[in-house]
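All remarks here apply to the structure that follows.
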Amino acid sequence: MVRKEILICSGTGCLSAGSEEIEEKLMDELWKHELEDKYPLTRAIKRTGCMGPCNLGPMIIIRPEDTFYGNLEPSDVERIVEEHLLRDKVVYDLLVEDKDGHRVEEFEKLDFIKGQKKVVMRDSGDIDPSSLDDYLKVEGYMAARKAIMDMDRSEIIQEIKDSGLRGRGGAGFPTGLKWEFAAKEDEDQKYIVCNGDEGDPGAFMDRSVLEGDPHSIIEGMMIAGYAIGANQGYIYVRAEYPLAIRNLQKAIRDAESAGYLGENLFNQGFDFNVELRVGAGAFVCGEETALLSSIEGKQGQPKFRPPYPAQSGLWGKPTVINNVETLGNIAAIIIHGSEWFNSIGTEGSPGTKVFAVAGDVENTGLIEVEMGTTVREMIDIAGGVADGKDFKAVQIGGPAGGVIPKEYLDTPIDYDSLSEAGTIMGSGGFIVLDEDTCMVDVAKFFLDFTQEESCGKCPPCRLGTKRMLDILEKITEGDGEPEDIDKLENLAETIQNTSFCGLGQASPNPVLSTLRFFRDEYEEHVYEKTCPTGTCKALLKAFSIDKDLCVTCGKCVEVCPVDAISSGEESYSIDPEVCISCGECEKICPVKAISEGGKE
Amino acid sequence: MSDVKFNVDGKDISARKGMTVMEACEENDIDIPKLCQHEALENLMACRLCVVEVNGKQITPSCGLKVNEGLDIKTQTEKLRKYRRMILELIYRCENHYCMFCESDGDCELQDLMYEYEIDRFEYPRMFPDWDVDSSHNHIVKDTNRCVRCGRCIRACDEVVGNQTLNLGGRGITNEVIVDSGVPLGESTCTSCGMCMQVCPTGSLSNKHSLFKGNKDECELTKSTCLSCSIGCCTDVYTRTGHLVKIEGTDIDKESGGQLCERGRFKPLVDRGKRISNVIYRENGEESELSLQEGLEKAASILGNSNEISAFASGGLTCEILDAFSKAMRAHGALFDVVGAKRYRFETEVKRRINMIEGHFINDITEVMKAENILLYDTSIYNTHPVLASYIRRAASKGTKLITIDAYEDRFWNHSDKSITIESPKTQLTRLVNQVIKEGKASIEDLSRVSSILGGLRVHPEDVMEIVNLLEEASYDIIVIGCEIIDRWSLRHIFELAKLEGSYVISLNKASNQYIRSLETEGVYEEPEVAYILAGEDEENEDMIKLVENAEFSIVQSSKKSELTDKADLVIPSLSTFERNGTTIDINGKKKEVELAMEPKGEMRSEIAFFEELADKR
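Which chain is which? The protein sequence lines are X and L, in order.
Per the numbering used here, residue 302 is the first one in the first sequence, and the count goes up by one each step.
Per the numbering used here, residue 146 is the first one in the second sequence, and the count goes up by one each step.
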C-alpha cells in the first residue's frame, strides 16, 4: 500500500470552522486502528495553509490520489479512515458536488479550483507553513540562491522590470521601478518593508499567504533587499492575524538557524535580517508613509510625499515597501524568468491576482486568477450567484473601489480595464451582490468603514466622510431631500481633491461609483421614499391584507413577531402602527392576500 | 542658496531653493489661508486650506510643496475657493464653534478665515458633538469642542518643549487631542509652559487667568523681557486699563520657538498677593503706617546709626536698581550681596585654584542641542530654568544621551538615559560620584573598590562606569550644573571632571540678572544689626528670611505682602516688575530691555530716585 498523506487545511477560516476537531478525531481514529506506525503523526497529517474554497471547510486532501473531502463533520472521519485509508475506497457521498451535481474526487478538478492559476498561492494549502523542510522541497530559497549567487543587482531589477510586475497593494505601481529608485540612492542603510496591514473589509489574501507560505515572503524580501542594497527587512502585520504572526515568527527563526537569514548568505557576503512588527490594526497604516511612522513607533499618520519612501523612508533611509502578494511573486519570477511571467495575464498587467471572493456567491474563498479573466468568469469559478438569484453588481477594490454592474460583466480584470470601469484593482476584495442588495446601503457600508478608519489628520477625510455618511443615513431613513445627491457629489469632489492620503482621496469612490450606475436607486430613495430591494427597513411600508382574498386561515397571526395582526370574521387585518414590515406574513400567506402597502 | 523663479497667480516671483511655496508667497505678500502651519513648528500639512493649483492640474498644500523652477501656481481659483469654503464649513459646523461665547472671539484664526471667505450661511446642520471640557489644569482650559485638530499644540509640545505630553487619539470623528495616555491635563506630565495655548489658532486651549479680559486688539502691547530666570525670554505683555491680561512668548524664529515657562507666563497673572502701598513701621508689637518720605527718613536714620549692616538684593531686578541699591548701601557702609552672587564668587575662586580656562564654559544654552552627551548635575533646572530644560529634553528625544545626577529626584525621569539619585546631601553626592568617576578612570575593572566607596548609597557602580564610558567616547559633551549646587567642594569636583573629560560646562545661576557678575558683592553679616532686603518677585528666599530673623532690626522693601514683610520691622513699598523700566543681562551676556507695561501704583514712583536720596542722607 502506498503511504498516504493527509493534508488538513488549517487556515484561519478552517480553524474557525472546526478543523482542529477534525484533526483530533483523525488522530483518534488512526490510533484506534493501530495505524500509528503507518501514519506517524508528524509525517502523515500535515497542517497546511489556506486551500482556497473557504466555505467548504473543514477540509482535507488525501494524497497521493489528491482526494478532496470538504464540509467535514467529526462523525465523517471514522468512515474516511475505515474506508479510504484502510480499504482504499473513496467515500463517495462525502465528496463535494460540482455545479452539475456530480461528485468530484480530485481537488484540482473542483469547479472552484479548475479556473484558477496559482502563482502566489502556489504553496499555500500544499505545504506545512511551519516547516522549513516543506518549503525547501518546493524549491524554497532556490530563487534567492539564484539571485544572490548568479545574478548581479541590476540584473535582478531588470528582470523584475521586464516581468511587468505591478504592486498588488492597490495602486499598481511597477515594482521593478520602485526597486530601481531605491537602488539608485547612495546610502549605506536601506530597508525593505513588507506591507501586511491588510484592512479591506472581507479581504484576507495577504493573511492567507503569510499564514500558508511565510518563507516565500521572506525569500521575496531577501531578493528585494539584495537588489536594492538593504540588509534589514521589516514585515508589518496587524495584531488581528495571530496565526500569521506565529507562522512568520517560526519561519524567521527557522530561516535564521538554517542560515537563510543572517550574515554572509550563500557565502556571497550579503547580510540580511528580517524583523516582525505588529501593528494595532489601523486601516490607514496600509498607506505606506503611515505604516513607516507606525514602525518607527509613532502614531500611524500619513506623511507628505515627496520625498517618497524610496528616497527617504524608514528613519529617513531609502525604503522599498511592497505588498505581501507582490513579494509572493518575486521568487517565482526569478526562478521561471520574466518571459514566463509575461505569458500570464495581459500585456499591461502580467501575472495573476488573488481575490477574496465574498458576498452572494455559491462558493466563497480565495481565488487566484490570471489577469484579464473577466468578472463573469470569476463569478463562474465561485459557482455563480447564490440561491439562483440574479446578479446585480460586484464590488471590487474595497472601501477605495467601486461597483461593476451587469453591463460590465465582461470587463477583464486588469489595472487599466478596472479603472476605466470606474473602480480599482485594490488589494483584492471581490464582493458579489445579488438583486436583493440596496446600492445605497452598500455605499453606506463602505463609507461607514472609511469614516471610522480615518486617522483624523485632515478635515476633508475626518469630517467630510462623516457628512457624506450622515446624508446616506438620512436617505436610507427616508428623510432624503432632492439636494442631497448634489451635496454628496460636492463633498466627494472636495474630499477627493484635498484629502491628505489615498484613504481620504478614495473614500468617496463607493458613493460615486454607485451613483454612476445606480443613480435611479438613489432617486427612488429620495423622491419615492422607497427602497426597491427592501433593504432599508425605514422605507418599507406597512403590510396589509386584501379582504377579498383572505381565507382567515390564521397562519399570518402565528408568524407575526409583533402581534400586529388581529382576526376578524371575514378577514384579518394588520395594524400599520405596529407592523415592522418584516414580510413574514407575506411569505406564509397561502393565497397571496398580503402585500406591502397593498389595498386594505 | 540659488534663486528659483516661478509664477504665482500670473506674477513672476523668485525664492531661495528649499523654501516652500507658502513661505515664498508670504515673502511676496501673497495671502494663502492656513490653520495648521506655524512658523515655529514643522509643517504638518493637515488642514488642507493652503492647497494651491500646480501647473493647472494637481492640487497640493503649499506648505508642503517646495519651490521649483518654472512652477505655475494658482492660489485663488474658483475651484480652490470652493474647496476651502467647504473645508471651513466642515470644521466650523462639525465642532461647536460659537464665536459670541468664545474667549478667542477676535483672536481666532478660524474666525478670520470665515470672514475672509464670507461664509455667513451654511449648507449643513451643526453636528453638536459632545466633548467634555477639561479644566483640571491650574492655568489652561482644554475645550475639544473648539478644536480644529490642526496639531499645533501637539507639535509645539513635542518639537519646542520636548515634552510629548499631547498626542492625537482616536480615529475618524472620535479623533481628539489627548493628554499622555488619556488623563486630564491637570494630572499629566504637562510642564505648564502654556506653549500649546499660545499656538492654538482657536479658543480650544485658553488661559484661565485671562478669560474674557479682552482680545489682543483691545489690549496694549508692551515688548519686554522676562525676569524669572537668567535665560531672559522676550515677552509680549498685554495690559488693559492698567491691568495685566496675558503674557506671551515672542522669539518664534529662535530656538525657543516663542516659549515661556509657567513662571514667566502664568505666575504674574496668578500670584497677585496683597500689594504693599504704604510704609509700615513696627515697634513693640505696634504697627503704624508712615508716608514714603517718613519711611525714607526712618530707614536713613537707622542705617546711619548702625555699624554692621547686611544688604541683600534679589537677582530678579534691573541693572539700574541693583546699581542704585548697592550705591546707597555702600554709602551707609553695608556689606552687599545679591541672590546667586555667592555661587558666582565660588565658581571664580574654584576656577582660579584649579586653573580652569574660560574655554571650558559655554554661555549659549542652545548648545546643549548639539551635544552628544549631557551630564546634568542637579535636575532642579526643571523648575529654575524651564526653557533650558526643554532644550535638554529635545536633545534627549533626538538621540543625545542624557545622564542625570540628583540628590533626591530625577525630574527628567522620562527622558534620561542614565539617572543616579542617592538620597543624600548634595556635596556628598558630587564628591562620591566624582570620586568614583575618577577612580573608575584609573581602573575600570576594579569595581569592588568603587562599591566600597559607594557603600550604603543607592548607586550602582555599573551605572557610574557607564557614565565614564559615555563621556570617554563622545567628543562633545556638556555638563550642566543646576543652581542648587552652591558649595565650593561640589563645584570643584564637577569642574575637575570637566577638565578630565574635556567637557564643556554650562553653569546656571539663581540670579535672573547676570549683572551680578559685574557687581562687587561679598558675603554679608549673618547676624547683623540691620538687614536691608530688597526683594524682587522671585520666590521666597530662605537666605533673606534667615537674615531678617537674625537681624536686630530689619528693613524689607517689596511690592507684595509676604513672610518677609510680615517679619520686618520696617516695610517699604517697591514697584512690581511690570512697573519698571530698565535693562537686564541674560546668561549669554546680552543686554535686554525691560519695559514699563503698567503705570506704578501707590506712592513709590521711582526706586532709583529713592535710593539716590537714601544715599544722600548719609
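Each residue gets a CB set at the ideal place from its N, CA and C atoms; glycine is no exception.
Just so you know, these numbers come straight off a predicted model, no measurement behind them.
Classification of residue i by the beta-carbon crowding that lies within 10 angstroms, buried from 16 upward
i                      : result
residue 701 of chain X : buried
residue 343 of chain L : buried
residue 261 of chain L : exposed
residue 542 of chain X : buried
residue 163 of chain L : exposed
residue 357 of chain L : exposed
residue 570 of chain X : exposed
residue 179 of chain L : buried
residue 493 of chain L : exposed
Closer than 9 Å at the beta carbon, the chain X residues around residue i
i                      : result
residue 228 of chain L : 761, 794, 795, 798, 799
residue 196 of chain L : 798, 799
residue 320 of chain L : 755, 756, 757, 758, 763
residue 507 of chain L : The premise fails here: residue 507 of chain L is roughly 29 Å from chain X at the closest Cβ pair, so nothing lies under 9 Å.
residue 232 of chain L : 759, 760, 761, 764, 765, 795, 799
Three-state class that DSSP yields for residue i in the structure shown
i                      : result
residue 515 of chain L : helix
residue 608 of chain L : helix
residue 725 of chain L : coil
residue 781 of chain X : coil
residue 649 of chain L : strand
residue 388 of chain L : strand
residue 659 of chain L : helix
residue 540 of chain L : helix
residue 324 of chain L : strand
Contacting residues, own chain, Cβ-Cβ under 8 Å from residue i (five flanking each side not counted)
i                      : result
residue 764 of chain L : The structure shown does not extend to residue 764 of chain L, since chain L is modelled only from 146 through 763, so no value can be given for it.
residue 677 of chain X : 710, 711
residue 154 of chain L : 175, 218, 219, 220, 221
residue 593 of chain L : With a pLDDT of 48 at residue 593 of chain L, under the threshold of 50, the modelled position of that residue is not reliable, and no figure is offered here.
Distance, residue j Cα to residue i Cα
i                      : j                      : result
residue 467 of chain L : residue 300 of chain L : 40 Å
residue 359 of chain L : residue 385 of chain L : 8 Å
residue 729 of chain L : residue 532 of chain L : 18 Å
residue 435 of chain X : residue 429 of chain X : 6 Å
residue 718 of chain X : residue 651 of chain X : 13 Å
residue 863 of chain X : residue 787 of chain X : 39 Å
residue 362 of chain L : residue 211 of chain L : 34 Å
residue 181 of chain L : residue 399 of chain L : 20 Å
residue 393 of chain L : residue 405 of chain L : 7 Å
residue 165 of chain L : residue 208 of chain L : 6 Å
residue 538 of chain L : residue 706 of chain X : 58 Å
Contacting residues, own chain, Cβ-Cβ under 6 Å from residue i (five flanking each side not counted)
i                      : result
residue 276 of chain L : 289, 290
residue 562 of chain L : 546, 547
residue 561 of chain X : 442
residue 590 of chain X : 603, 604
residue 144 of chain L : Missing from the structure shown is residue 144 of chain L; chain L here goes from 146 to 763 and no further.
residue 471 of chain X : 727, 728
Same chain, Cβ closer than 7 Å to residue i, five either side skipped, listed in chain order
i                      : result
residue 590 of chain L : No answer about residue 590 of chain L holds up, because its pLDDT of 45 lies below 50 and its placement is not dependable.
residue 232 of chain L : 193, 194
residue 445 of chain L : 759, 762
residue 731 of chain L : 375, 376, 377, 659, 737
Residue i: contacting residues in chain L (beta-carbon distance under 7 Å)
i                      : result
residue 755 of chain X : 316, 317
residue 605 of chain X : 190, 209
Chain-ordered chain L contacts of residue i [CB-CB under 9 Å]
i                      : result
residue 788 of chain X : 268, 269
8 Å Cβ cut-off: residues of chain X touching residue i
i                      : result
residue 186 of chain L : Here the premise fails: no neighbours, minimum Cβ distance about 14 Å.
residue 297 of chain L : Correct list: empty, because the minimum Cβ distance to chain X is about 13 Å.
residue 312 of chain L : 600
Cross-chain neighbours of residue i in chain L, by beta carbon under 8 Å
i                      : result
residue 903 of chain X : Residue 903 of chain X lies beyond the range of chain X shown here (302 to 901); nothing can be said about it.
residue 752 of chain X : 317, 318
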